[in-house]
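Asks: This is the structure I have questions about; it appears just below.
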Amino acid sequence: MEEKVRMSTTRYSGIGGQAVLEGIMMKNQDVYSVGVRKPDGEIEVHLSTYEGIGNKKLKRLPIVRGVISFVDSLVLGMKCLTFSASFYDEEEAQPSKADIMVDKLFGEKAEKVVMGLTVAFSIVMAVAIFMILPYFAAALLRKVIVSDTILALIEGAIRLLLFIGYILLISRMKDIQRVFQYHGAEHKCINCVEHGLELNVENVRNSSREHKRCGTSFMLIVMVVSIIFFIFIRVESPILRVVFRIALVPVIAGVSYEFIRLAGRSENKLVLALSRPGMWMQGLTTREPDDGMIEVAIAAVEAVFDWRAWQGREPLETETEVVDEAEEAQLNAGDLEEILEEDAEEASDESTEPAAEEPKDVGDILEGKE
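Residue numbers -3 to 366, in this note's numbering, belong to the letters of the sequence shown in order.
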């Protein structure tokens, strides 16, 4: 009965995560863990902290905190992917000339510089493909379509098609399919915890793969918000249109983050309805995980989040019981040892006493007399 009551309510836990190569990253405030299934089958869990960019005041400002969170997620995600991939490098790659030059120029900061450049390049490519390319594609129709509103809608439709096409394309890769399975395990674990269920393989397996705070939902919201922005913000100059699309990317990301943040904390029917398309999209970026993947996800969650205390459960039927059982077993073992020692002492005493004379047989007595 208690489990049914727990399942009917959802609470915001604040934990989030990301699938990596053969594993999962889970983050709770500034603490994060990376659980990886190593080639030998064992689960390696790496625990660390990541404070990210910006100070605490900036991270409280609406819109601004969304931009900071987006950049932080890219940097941390890249870092965790690199860590998980390190277990599957078949042989040490020889450093290239560029690597050697970066090491000479930046020394100990070389890794951070490379990470920063990688993230910057990723952002530039994403803006070019999903923001600028759709604009130029829609602009080709400007001679036949006069309405700026219709052109903005066409631009948004092209952007959505590119996004969906990109996901469908990468989902055909075998390694990405496994990443999508771990993505599903991540969602299932968080849903299991936030629905008040005990975090075990069976409960996680039966939980939903859909989650309102998913990055897939965030990207879809970005597409929708960009359509709304570009319908109402208009300029005549073609160059300024491109400049505005680039300049408004942080604002669009910030607004989208605020909606995802609200959706993660709200059970409002309107918010749930607006979240539904993003959760449908998760059908493309998540797959059903196997039990081994779920075990990795559970290990990553438990490293950063005391879900039992958060759910208001007793400190483990496990921890108290395991300690009690261990103490009881130790006592029993001690009692048994004492009994065995006593038996051994008694046996030793008996062996040192002179043997009692056995009664003679009647035949022996008669023979003796003869």
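Backbone N, C-alpha and C define an ideal beta-carbon position, used for all residues, glycine too.
Remember, it's a predicted structure, so these values are computed and weren't measured experimentally.
1. At what residues does the alpha helix (DSSP H) containing residue 278 begin and finish?
2. For residue 17, which of 190, 106 and 172 has the nearest alpha-carbon?
3. Report buried or exposed for residue 157, applying the criterion of at least 16 other Cβ atoms within 10 angstroms of its Cβ.
4. Do residue 285 and residue 211 have their beta-carbon atoms positioned less than 7 Å apart in this structure?
5. Which word fits residue 45, buried or exposed, when buried means at least 16 other C-beta atoms lie within 10 angstroms of its C-beta?
6. Can you list, in chain order, the residues of its chain with a C-beta nearer than 8 Å to that of residue 275? Leave out the 5 residues immediately preceding and following it.
7. If you reduce the DSSP assignment to three classes, tell me which class residue 51 lands in.
8. Could you work out which residue in 163, 170, 10 and 243 is closest to residue 26 when comparing CA atoms only?
9. Would the beta-carbon of residue 218 fall within 7 Å of that of residue 248?
10. Express the C-alpha separation of residue 83 and residue 67 in angstroms, rounding to a whole number.
11. What does residue 33 pair with, by DSSP beta-bridge criteria?
12. Which residue wins for smallest C-alpha separation from residue 223, given the options 127, 23, 302 and 203?
13. Select from 238, 280 and 192 the residue whose C-alpha is nearest the C-alpha of residue 302.
14. Checking the sheet assignment: what are the DSSP bridge partners for residue 14?
15. Using 8 Å as the cut-off, can you tell me whether the segment 56 to 65 makes contact with the segment 251 to 260, which would need three or more C-beta pairs spanning the two stretches below that distance?
16. So, for residue 283: in the same chain, excluding its five sequence neighbours on each side, which residues have a beta-carbon less than 7 Å away from its beta-carbon?
17. Just checking my contact of residue 130 with residue 166 at CB under 8 Å: how many whole Å lie between their CB atoms?
18. If you measure between the beta carbons of residue 39 and residue 300, is that distance less than 7 Å?
19. Can you tell me whether residue 6 is helix, strand or coil according to DSSP?
20. Provide the residue(s) that pair with residue 27 in DSSP beta bridges, ordered along the chain.
21. Going by DSSP in three states, residue 204 sits in which element: helix, strand or coil?
22. Starting from residue 70, trace the alpha helix (DSSP H) both ways and give me its first and last residue.
23. Could you have a look at residue 222 and say whether DSSP puts it in helix, strand or coil?
24. Is residue 105 helix, strand or coil when you go by DSSP?
25. Evaluate residue 140 with the Cβ neighbour count: other Cβ atoms within 10 Å of its Cβ, from every protein chain shown; 16 or more gives buried, anything less gives exposed.
26. I need the boundaries of the alpha helix (DSSP H) containing residue 130, first residue and last residue.
27. CA-CA distance, residue 150 and residue 232?
28. Excluding the 5 residues flanking residue 115 on each side, which residues of the same chain have their C-beta closer than 8 Å to its C-beta?
29. Cα separation between residue 13 and residue 123?
30. How would you write the range of the alpha helix (DSSP H) that residue 124 sits in, first residue to last?
31. By a C-beta neighbour count over all protein chains shown, 10 Å radius and 16 as the cutoff for buried, is residue 184 buried or exposed?
32. DSSP three-state label for residue 175, please.
33. By a C-beta neighbour count over all protein chains shown, 10 Å radius and 16 as the cutoff for buried, is residue 22 buried or exposed?
34. Cutting at 7 Å between CB atoms, please list the residues of its own chain near residue 55, excluding the five before and the five after it.
Replies: Reading from the atomic positions:
1. Residues 265 to 281.
2. Its Cα nearest to that of residue 17, the residue 172 stands out among 190, 106 and 172.
3. Residue 157 is exposed by the Cβ-count criterion.
4. Note that the C-beta distance between residue 211 and residue 285 is not below 7 Å.
5. Label assigned to residue 45: exposed.
6. 206, 207, 208, 210 and 213, listed in sequence order.
7. DSSP places residue 51 in the coil class of the three-state scheme, outside both helix and strand.
8. Here the closest residue by C-alpha is 10.
9. It is a contact, given that the beta carbons lie within the stated cut-off.
10. Cα to Cα, residue 67 sits roughly 26 Å from residue 83.
11. Secondary-structure assignment with DSSP links residue 33 through a beta bridge to 39.
12. Of the candidates 127, 23, 302 and 203, the one whose C-alpha sits nearest the C-alpha of residue 223 is 127.
13. Measuring from the Cα of residue 302, the nearest candidate turns out to be 192.
14. As DSSP reads the structure, residue 14 sits in a beta bridge with 21.
15. At 8 Å Cβ cutoff, the stretches touch.
16. A distance below 7 Å between beta-carbons, with the five flanking residues on each side excluded, links residue 283 to the following residues of its chain, in chain order: 173, 176, 177 and 180.
17. Rounded to the nearest angstrom, the Cβ distance from residue 130 to residue 166 is 19 Å, too far for a contact under 8 Å.
18. No, they are not a contact pair.
19. Looking at residue 6 - three-state DSSP - the assignment turns out to be coil, as it is neither helix nor strand.
20. Partner(s): 24 and 45.
21. Reduced to three states, the DSSP call for residue 204 is coil.
22. Run containing residue 70: 60 to 81, per the alpha helix (DSSP H) assignment.
23. Looking at residue 222 - three-state DSSP - the assignment turns out to be helix.
24. Three-state result, residue 105: helix.
25. So residue 140 ends up on the exposed side.
26. Per DSSP, residue 130 belongs to the alpha helix (DSSP H) from 129 to 135.
27. Roughly 18 Å separates the two Cα atoms.
28. Excluding sequence neighbours, residue 115 sits near 67, 70, 71 and 74.
29. Rounded to the nearest angstrom, the two C-alpha atoms are 24 Å apart.
30. Counting along the chain, residue 124 falls outside any alpha helix (DSSP H), and DSSP gives it neither H nor E.
31. Residue 184 is buried by the Cβ-count criterion.
32. Reduced to three states, the DSSP call for residue 175 is helix.
33. So residue 22 counts as buried.
34. The beta carbon of residue 55 sits closer than 7 Å to those of 61 and 64, all from its chain and outside the five residues before and after it, given in chain order.
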